[in-house]
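J.: In the working numbering, the protein residues as written are 805 to 855. Sharing a structure, written as structure tokens. Questions coming.
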Amino acid sequence: MKLKLHTALQLLPRVVVAIILLQTLYFKFSAHSESVTLFTKLGVEPCGRIA
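In structure tokens:
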């Protein structure tokens with residue numbers, strides 16, 4: 805039982821980070837207006853947003 809709890813506690817942060825990264829990828833590759841604005845201000849639109 806202790807081993808399963810330890811494994812679950814190690815897995816939880818990884819799952820949370822994966823979900824956050826998947827959300828950002830959707831906005832990055834779908835040309836969401838906020839992403840386009842951000843990368844335009846950085847001067848790397850569209851290559852920086854897609855690469």
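Each residue gets a CB set at the ideal place from its N, CA and C atoms; glycine is no exception.
Which of the three DSSP states is assigned to V848 in this structure?
T.: Translated into positions along the sequence shown, residue 848 becomes position 44. It is coil, neither helix nor strand.
J.: Am I right that S839 and K845 are in contact with their C-beta atoms under 8 Å? What's the rounded C-beta distance?
T.: In the sequence shown, counting from the first residue as 1, residue 839 sits at position 35. In the sequence shown, counting from the first residue as 1, residue 845 sits at position 41. Contact doesn't hold; Cβ gap of about 11 Å is too wide.
J.: Given this structure, state the Cα-to-Cα distance separating G852 from F843, to the nearest angstrom.
T.: If you number the sequence shown from 1, residue 852 lands on position 48. If you number the sequence shown from 1, residue 843 lands on position 39. Straight-line Cα distance between these residues: approximately 7 Å.
J.: Counting along the chain, where does the alpha helix (DSSP H) carrying H836 start and finish?
T.: Stepping through the sequence shown from its first residue, residue 836 is reached at position 32. No alpha helix (DSSP H) holds H836; DSSP gives it neither H nor E.
J.: Identify which residue in P850, T811, H810 has its Cα closest to the Cα of S837.
T.: As a position in the sequence shown, residue 837 is number 33, starting the count at 1. The shortest C-alpha separation from S837 is found at P850.
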